[in-house]
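Following: one structure in structure tokens, then a few remarks.
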Amino acid sequence: MSILIMLILLSILILVHEAGHFLTAKMFGMKVEKFGFGLPIGPTLFERKVGDVTILVHAFLLGGYVAFPDDEKDCKLPLDSNERFLNKPVYQRAIVVSAGVASNVICAYLIVLFAAFHWGYLPAGKYDVYVNKIIENVNSSVKKSGMQNGDKIVAINNIPITNTGSIISIINNSKSYDGMYDKSQANKKLAELKTLNIAFTEDEIIPKGITVKLPKPEKESVIQYTKEMEMGLIRYKSNDEVLDEKLVKLRNKLRKDKKNYYVSNGIFSLSDISKAMSDNSHPIYFTVQRGDKVINLGRIYADKNGKIGVELAQKEILDETKGFKAIVKKSTKYLWYNTYNMCYGLGQIFTGNVPLKDLHGIVAITKIGGDIIQNSGIYYGLLLTAIISMDLAIVNFLPIPALDGGHVLFLIIEKIRGKRLNDETVEKIGTFFFALLIVLMVVVIFNDIMWLKG
């Protein structure tokens, strides 16, 4: 039932978008031939003439459209008719093209206002995270750090914490002896090794039986997150290098022996030794609130599986929205905050920081939305719908042919040139980019299916 509700909400967003185009077109006296729900790919499920407009529902439901006489080759409307879209001034056409985006923005804001008014709260986008249970033995670094059940986690490695996801990610990336070495530490160790072993000035294989003096072992640097990483907008990317199998064995030997020297087996160089010494542990520093006190705990180390032996709990922070002023102010803040995050995430996609396999679409959204409605209630489902509406507006207004933003771009070019671009050229460009969008849709649907299977 919750998935069906989510599908209905998403369908409403598509209808709102196309209604924006339709109503503004009618406002300017333009004739609309068709109002389509879904894309004209595959069979048509429903078709009916209502007044002078043909209403259609297509099997490929991912989208919608409004068709003008100019789009229909067999249209009997005279070419010089004032009802034709292309015969209207540029500014009127630009308003009609942009109206779908504007409708989605307005719809998003109204949904957030509705939720804020009826629910009386809006999510602040943050969580209080607590230590629910320490499950390691008493000799673990967690116990030694002074951490206690009930501690509220304020920061990790001086990074303010607002959710459990970032905590888990930082701990997971702080694995001990994970087969990755810190390049900067390896360079430092190499310089120290050369100072201690002046006979080896070149990076050469050390003869078998020769004793190599080792510098003092050091822990790897702490994992540093940016604000965007902590918010989950981008992933953490390690600059560490992978140790090969031979260097892993060397690392294990040095770790086991715990000596300040190494007797060469005739296989490794000083550079190899420096790399092996640079794969150990990233210390993790927690700052917690206990009662009225803020406490910096001792360092904690994750095991080879990225675990520290702590069970976490989180409580969502809600902003109360009582009174007209609070509803308007906090609804605006909520929508702005989430829109900024979406734009930032979109930028990460175009710069390649978010891989194509991480893109998801309507299948995943419907499943997630259904789960949210079922587990958290209808207000969370409504707020997700508002965010999707804003996302739909932003993506549609990108200056890409086949999208609304692409049409606006053509209109701007037309205004600057003083005449329209060649119809054939516009059609070829539009067809090409429409095909690319279909390919992207297929990729996204495939990602959704694989995500559901996983």
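So the sequence shown is numbered by the numbering used here: it starts at 113 and just counts up by one. C-beta: ideal position from N, C-alpha, C; glycine also.
Exposed or buried, what is residue i when buried is set at 16 or more other beta-carbons lying within 10 Å of its beta-carbon?
i, result
"His129", "buried"
"Leu305", "buried"
"Gln336", "exposed"
"Asn571", "An answer regarding residue 571 cannot be provided, because it is not within the stretch 113 to 566 covered by the chain."
"Gly132", "buried"
"Phe398", "buried"
"Ile273", "buried"
"Asp294", "buried"
"Gly459", "exposed"
"Pro181", "buried"
"Lys301", "buried"
"Ala171", "exposed"
"Glu539", "exposed"
"Ser350", "exposed"
"Asn429", "In the sequence under discussion, the amino acid at residue 429 is Ile, which differs from the Asn named in the question. Exposed."
"Asp290", "buried"
"Phe544", "exposed"
"Lys200", "buried"
"Ile310", "exposed"
"Lys387", "buried"
Given this structure, state the Cα-to-Cα distance separating residue i from residue j, to the nearest angstrom.
i, j, result
"Ile396", "Tyr242", "16 Å"
"Tyr446", "Val507", "19 Å"
"Lys361", "Asn299", "20 Å"
"Ile490", "Ser114", "9 Å"
"Met292", "Glu353", "5 Å"
"Ile280", "Ser253", "17 Å"
"Leu533", "Met118", "41 Å"
"Asn194", "Ile525", "22 Å"
"Ser257", "Lys434", "42 Å"
"Gln401", "Ile412", "17 Å"
"Ile484", "Tyr203", "41 Å"
"Asn453", "Ser123", "24 Å"
"Ile550", "Leu157", "20 Å"
"Leu116", "Gly493", "12 Å"
"Arg363", "Met389", "6 Å"
"Trp448", "Asn392", "43 Å"
"Lys427", "Cys455", "27 Å"
"Phe432", "Leu495", "The amino acid occupying residue 432 in the given sequence is Glu; Phe does not appear at that position. Their backbone Cα atoms lie some 15 Å apart in a straight line."
"Asp183", "Arg196", "10 Å"
"Ile461", "Val217", "22 Å"
"Lys320", "Lys328", "23 Å"
"Val178", "Trp231", "35 Å"
"Glu357", "Ala227", "56 Å"
"Leu308", "Lys405", "46 Å"
"Val554", "Leu173", "13 Å"
"Ile420", "Asp369", "25 Å"
"Lys245", "Gly410", "18 Å"
"Leu168", "Ile480", "28 Å"
"Met343", "Lys371", "43 Å"
"Leu225", "Ala547", "37 Å"
"Ile541", "Ile499", "30 Å"
"Glu159", "Phe436", "44 Å"
"Asn408", "Ala236", "26 Å"
"Val213", "Leu198", "20 Å"
"Lys255", "Asn261", "11 Å"
"Glu330", "Leu345", "32 Å"
Since I believe residue j is in contact with residue i (beta carbons under 8 Å), could you give me their beta-carbon distance rounded to a whole number of angstroms?
i, j, result
"Thr323", "Tyr373", "5 Å"
"His394", "Ser286", "4 Å"
"Glu332", "Gln297", "6 Å"
"Gly154", "Gly176", "Not a contact, Cβ separation roughly 15 Å."
"Ser443", "Tyr221", "7 Å"
"Thr497", "Leu121", "4 Å"
"Val422", "Ile268", "Going by Cβ atoms, the distance from Val422 to Ile268 rounds to 12 Å, so no, they are not a contact pair."
"Ala56", "Ile271", "The question about residue 56 has no answer, for the chain in this structure spans 113 to 566."
"Thr451", "Met502", "5 Å"
"Leu504", "Leu125", "6 Å"
Any chance you could list the alpha helix (DSSP H) runs of at least 4 consecutive residues sitting entirely within the stretch 352-422, in chain order?
Those alpha helix (DSSP H) runs which fall completely within the stretch 352-422 and span 4+ residues are 357-369 and 382-389.
Mind pulling the beta strand (DSSP E) runs of 3 or more residues that sit fully within the stretch 142-176?
Whole beta strand (DSSP E) segments, 3+ residues: 146-162.
Three CB pairs or more closer than 8 Å across the stretch 181-199 and the stretch 156-168:
Too few Cβ pairs lie closer than 8 Å, so no.
Please go through the stretch 247-271 and give each complete alpha helix (DSSP H) segment of 4 or more residues, from N-terminal end onward.
Counting only runs that start and end inside the stretch 247-271, the alpha helix (DSSP H) elements of at least 4 residues fall at 253-257.
The stretch 375-385 touching the stretch 309-327, judged by at least three CB pairs closer than 8 Å:
Touching, per the Cβ criterion.
Length at least 4, wholly inside the stretch 423-469: the alpha helix (DSSP H) runs in chain order
Segments of the alpha helix (DSSP H) lying fully in the stretch 423-469: 436-462.
Do the stretch 508-523 and the stretch 142-152 meet, that is, are 3 or more Cβ pairs less than 8 Å apart?
No: fewer than three Cβ pairs fall under 8 Å.
At which residue ranges does the stretch 274-332 contain complete beta strand (DSSP E) runs of 3 or more residues, listed in the order of the chain?
Runs of the beta strand (DSSP E) lying entirely within the stretch 274-332, each at least 3 residues long, are 323-325 in chain order.
Does the stretch 132-142 come close enough to the stretch 208-222 to have 3 or more Cβ pairs within less than 8 Å?
Segments in contact, yes.
Runs of alpha helix (DSSP H) wholly within the stretch 165-248 (minimum 4 residues, chain order):
Runs found: 202-231.
At 4 residues or longer, what runs of the alpha helix (DSSP H) sit wholly inside the stretch 503-535?
Counting whole runs of 4 or more residues, the stretch 503-535 contains the alpha helix (DSSP H) stretches 516-529.
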